[in-house]
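One structure is given here, and the rest of the page talks about it.
Protein chains: 2
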Amino acid sequence: MNVCADKCINEANVNKTVKNLPDQEVIVGMAEIFKALSDPSRLKIVLALLEQEHCVCDISVICNQTESAISHQLRLLRNLKIVRNRREGKIVYYTLDDDHVISLIHYSLDHVKH
Amino acid sequence: MNVCADKCINEANVNKTVKNLPDQEVIVGMAEIFKALSDPSRLKIVLALLEQEHCVCDISVICNQTESAISHQLRLLRNLKIVRNRREGKIVYYTLDDDHVISLIHYSLDHVKH
DNA sequence: TTAATATATGAACAAATGCTCAAATGAAGA
DNA sequence: TCTTCATTTGAGCATTTGTTCATATATTAA
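Protein chains in written order, with the numbering used here: chain Y, -15 to 98; chain R, -15 to 98.
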């Protein structure tokens, strides 16, 4: 890496920014949430669950995707504790389980509508 | 795809959710922003620029990454109009240029700090 | 002009991602 | 018990992603 000769690095500015930057773990944690919402199919699942609880089968109809594909995505969201599930006989219902994510989505939706 | 036999699809619920779901383009647009913030290195760049304007060289020091790597990430952010740049001689300064993203990040940061 | 420097860019590549398909679970009914 | 059905899971795969490296561009100074 090229440590720019003289004028490029403004050391004061760099130090100020570095000092105020969140810890690396915090950054990774934030990125993790954003990544969960970064795939349109997965985001659509979350948006559907924002409306109400749904079973895997219903989600697959809503999102127009295989139940298998949906199930894989739900597992990912489950691992991140963004959703939780409850079983009722053969059917498994999923719900959003992360208030931060819920309000983040609402916030984004508000902005999308100008 | 298996159109669940009888009881699985709750047609009323499905219809209600589908009706309230944002348009596909909106979903894709939201996901695009989340994706931009979903990589820790890229998020760190954005967080650094949240503090103040920086040149590529400084960002590379702050983020501890090659100038080339930073430049590639900045191009992506530039294409999404999340950042803009201005040249001053040999040096190019980058600034955040999307108010929605700025407030989204602030919002997330507030939540991270419980 | 030539050299030096900051940034940008394209190709290449390893790693991660999201889907499909086939097979495994788990629950309810015959 | 055996069958059916909703869901889960693992393997395989094509595609995307983030980085590196080498090279190009743009600006300034000599």
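Ideal placement from N, C-alpha and C gives every residue a C-beta, glycine not left out.
{"Query": "Using 10 angstroms around the beta-carbon of valine -13 of chain Y, count the other beta-carbons present and answer buried if the total reaches 16, otherwise exposed.", "Result": "Residue confidence is low: valine -13 of chain Y scores 48 on pLDDT, short of 50, so the model does not pin down where it sits. Its coordinate-derived value is still stated next. Burial call: exposed."}
{"Query": "Closer than 8 Å by beta-carbon distance: list the chain Y residues that pair up with aspartate 82 of chain R, in chain order.", "Result": "Neighbours of aspartate 82 of chain R on chain Y: none; closest Cβ ~10 Å, over 8 Å."}
{"Query": "Under three-state DSSP, which class holds leucine 21 of chain Y?", "Result": "coil"}
{"Query": "Exposed or buried, which one is serine 52 of chain R when buried takes at least 16 other CB atoms within 10 Å?", "Result": "exposed"}
{"Query": "For serine 92 of chain R, decide whether its Cβ has a neighbour in chain Y, counting only Cβ atoms nearer than 7 Å.", "Result": "yes"}
{"Query": "With DSSP as the reference, identify every bridge partner of histidine 38 of chain Y, one or two as the case may be.", "Result": "Y:Tyr78"}
{"Query": "Does DSSP put asparagine -3 of chain Y in a helix, in a strand, or in coil?", "Result": "helix"}
{"Query": "Going along chain Y in order, which residues have a C-beta closer than 7 Å to the C-beta of serine 22 of chain R?", "Result": "Ala15, Phe18, Lys19, Ser22"}
{"Query": "Scan the stretch -7 to 6 of chain R for residues whose Cβ lies nearer than 8 Å to a Cβ of chain Y and list them as they occur along the chain.", "Result": "Ile(-7), Asn(-6), Asn(-3), Val(-2), Lys0, Thr1, Val2, Asn4, Leu5, Pro6"}
{"Query": "How would you label histidine 56 of chain Y, buried or exposed, when you count the other beta carbons within 10 angstroms and need 16 or more for buried?", "Result": "exposed"}
{"Query": "Measuring CB atoms only, is the stretch -7 to 3 of chain Y touching the stretch 20 to 38 of chain Y, in the sense that at least three cross pairs come out at less than 8 Å?", "Result": "no"}
{"Query": "If I'm right that alanine 15 of chain R touches serine 22 of chain Y with Cβ under 8 Å, what's the distance once you round it to whole angstroms?", "Result": "6 Å"}
{"Query": "Residues of chain R with a CB under 9 Å from the CB of histidine 38 of chain Y: which are they?", "Result": "Asn(-6), Asn(-3), Val(-2), Thr1"}
{"Query": "Is there a Cβ of chain R sitting closer than 7 Å to that of isoleucine 46 of chain Y, yes or no?", "Result": "yes"}
{"Query": "Does chain Y have any CB closer than 7 Å to the CB of glutamate 9 of chain R?", "Result": "no"}
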